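Visitor:
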Amino acid sequence: SLGLKFEDVPNGLAAIFKVPAAGWGQIVAWMAYCETSVDQKPGSPGAKGELGWQGIPPGPSYNPSDKESRTKKLKSELANGR
Numbered sequence: 296s297l298g299l300k301f302e303d304v305p306n307g308l309a310a311i312f313k314v315p316a317a318g319w320g321q322i323v324a325w326m327a328y329c330e331t332s333v334d335q336k337p338g339s340p341g342a343k344g345e346l347g348w349q350g351i352p353p354g355p356s357y358n359p360s361d362k363e364s365r366t367k368k369l370k371s372e373l374a375n376g377r
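296 is the number of the first residue of the sequence shown in this note's numbering; add one for each residue after it.
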């Protein structure tokens, strides 16, 4: 990990030059994955940006019709300062 610590990275634009190229590569690769892994054909939910709660599609971990689960998750987000 090149011995780089969080405290070593300054705020603002100066951070651009402190982050190693491999780090920027990971960021760009993740952005590309996010853009290409969702069906974005016209008329699909991905084309409208409707990807579910916080980008998580409905499934076993989140069911938008379960009001109790939704309330619990929203309260935990607020408790975590988000």
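All residues carry an ideal CB built from backbone N, CA and C; glycine is no exception. Here the structure is a predicted model, which means the values were calculated and not measured.
Roughly how many angstroms separate the alpha carbons of residue 364 and residue 372, rounded to a whole number?
Guide: Position 69 of the sequence shown holds residue 364. Position 77 of the sequence shown holds residue 372. Those two C-alpha atoms are separated by around 12 Å.
Visitor: I'd like the span of the alpha helix (DSSP H) that includes residue 301, first residue to last.
Guide: As a working note, residue 301 is residue 6 in the sequence shown. It is not in any alpha helix (DSSP H) - residue 301 carries neither H nor E in the DSSP assignment.
Visitor: My output table needs one value for residue 336: the three-state DSSP class, helix, strand or coil.
Guide: Here residue 336 refers to the residue found at position 41 when the sequence shown is read from its first residue. Residue 336 falls in the coil class under three-state DSSP.
Visitor: Quick check on the DSSP output: the alpha helix (DSSP H) that includes residue 323 runs from which residue to which?
Guide: Here residue 323 is taken as the residue at index 28 of the sequence shown, counted from 1. Note, residue 323: alpha helix (DSSP H), 316-331.
Visitor: By the DSSP assignment, the alpha helix (DSSP H) with residue 373 in it spans what residues?
Guide: To locate residue 373, count along the sequence shown from 1; it is residue 78. Here the alpha helix (DSSP H) through residue 373 covers 362-374.
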